[in-house]
Each structure stands twice: as C-alpha cells, then as structure tokens.
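Read in order, the letters of the sequence shown are residues 1 to 233 in full-length UniProt numbering.
Beta carbons: idealized from backbone N, C-alpha and C, even for Gly.
Predicted model, so just to flag it, every value in this text is computed and none were measured.
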Amino acid sequence: MAMKGASRRLTKEYMAIQKSPPPFITARPLETNILEWHYVIRGPPDTPYEAGEYHGKLVFPPDYPFKPPSIRMTTPSGRFQPDTRLCLTMSDFHPSSWNPSWSVATILNGLLSFMAADEATTGSIKTTDTEKRILAARSHKFNLANPKFRDVANPAPNYRCVSGTLYPRTRTTPSTKFQHHRYHASANHTSAPTPAADAHATPRRHDCRGRGRGGRGQSGGKRAHQWCCGTEE
C-alpha cells in the first residue's frame, strides 16, 4: 500500500511540474521506476553557475511522502562532490526535519537555493568562482555522455495520466493496437513494453523553439530544450 501511495503522489507531482515548471529546473521520473527521478538545473544568471547544466537524481522511498528522498548531483559543479548523497534539510540525512507536504518542486528549489549559497554540508566542496565557471562551461559536454541526462533534458518521451497512472505517449495506427507499459505498484518490479509496442511506439516531439536558455546570442548555440509539453488527460 505504501508504494501505491508513493506512486499516486509522485504522479500528481509530475503532472504539476509539467503544468508549472520551477524556474531553471527540469525533472521527470524514469519510465521504469517512478521512485527514481532525474533532474537538470540550469545555472541562473549572475551566478558562477550561469549557462551550466547540472544533472542529478532523487531516489524516493516506497513510503514517500512520509520519508524524504536521497539527493545526488552527478555533474561536477564545484559546489558538490559528484554523485554523492547530499546532507540537506529535505534529504534522507534528516528524516526528522522532513515535511510530508514538501514536493519534488520544493526539494529542487531548495537544492538550487543551497547551491547558490556558501554553506557547507556533507557532500559539499569548496572551490573558487573561477573554477565553478570553468566547470559550468564544460558541463554540457560532460552531461552528453550520460543517457539519463539526454532523456531528461530533451522533451521526449511525453506522458499521459490515466486514472492516476503515467503512460508514455505512443503513436497508433488504425490497424495496430498495442499495450502501454506503466509503473507497477512494487518497488522492485517493472514491466517492459510488448514487442509490438516497442516497434511502433515513438516519442512525441514538440516544437520547443524559443524555450529554455538556448538560442541566439547564448554561449554554445545549441542548448537542451526545456521539458515543456506534459498534459493531463
């Protein structure tokens, strides 16, 4: 029952993030495990992280929202040790300070705020602003080697919500029917799409030009799109 509650809660939070994305933040769960979310924080202007892209993950316990997730940042930032559990008020280091009303958006906004500050904690490191800017400039190239980053930074696949369950959007033809795979109510059990589904399912792409931080006059020219097109059905 705990896992079912976590799945319902995280599904609602995913739909809420699609309708109202937090500034500088993109996040979504894995297709195969709704308890594991991947995020990308884009460095805010006028900070040493400007133009940087910082990928990481949140791993939620089966009894979320009554217990907090673990928080990691994979991309070298000069602020946190890469791929290390971070000790924050909203992380699993401090279950006693966790508030069940907090959400994925709350957690990631808190992480961004802490990242921009100078406070030390378990998992943080000390570097100069110059070093942070160098790492920001290198972050996109570093992240491209990670398929999880490519999945979360680009606007495909999309999802639809049916009776509280997330389904990847698929393309159908009149002569072809296939099953959607979905998140199962088990922390350790997932199902794969049928061969027919895999053969015909393609992510729905959207014209996201003009969104995100990329574009004319920006450093690097090509930037990852914002995840922007989720709708609830």
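C-alpha distance - F60 paired with D46, whole-angstrom precision: 32 Å
Euclidean distance between Cα positions of I134 and Q81: Their Cα atoms are separated by approximately 16 Å.
Opening and closing residue of the beta strand (DSSP E) in which E36 lies: 36-42
6 Å CB neighbourhood of E50 in its chain, flanking five on each side removed: G43
Cut-off 8 Å between Cβ atoms - residues of its own chain near K126, not counting five sequence neighbours on either side: A120
Uninterrupted alpha helix (DSSP H) stretches inside the UniProt domain "UBC core" (5-154) (no shorter than 4 residues): 104-116, 129-144, 147-153
Whole-number beta carbon distance between I17 and A105, since they are thought to touch under 8 Å: 6 Å
Any 3 or more C-beta pairs closer than 8 Å across the segment 90-103 and the segment 69-79: yes
Outcome for R28 when other beta-carbon atoms lying within 10 angstroms are tallied against a minimum of 16: buried
Of the listed residues I25, P21, T26, P62, nearest to G5 (C-alpha basis): Closest option to G5, Cα to Cα, is P62.
C-beta contact flag for E31 and V40 at 8 Å: Contact: no.
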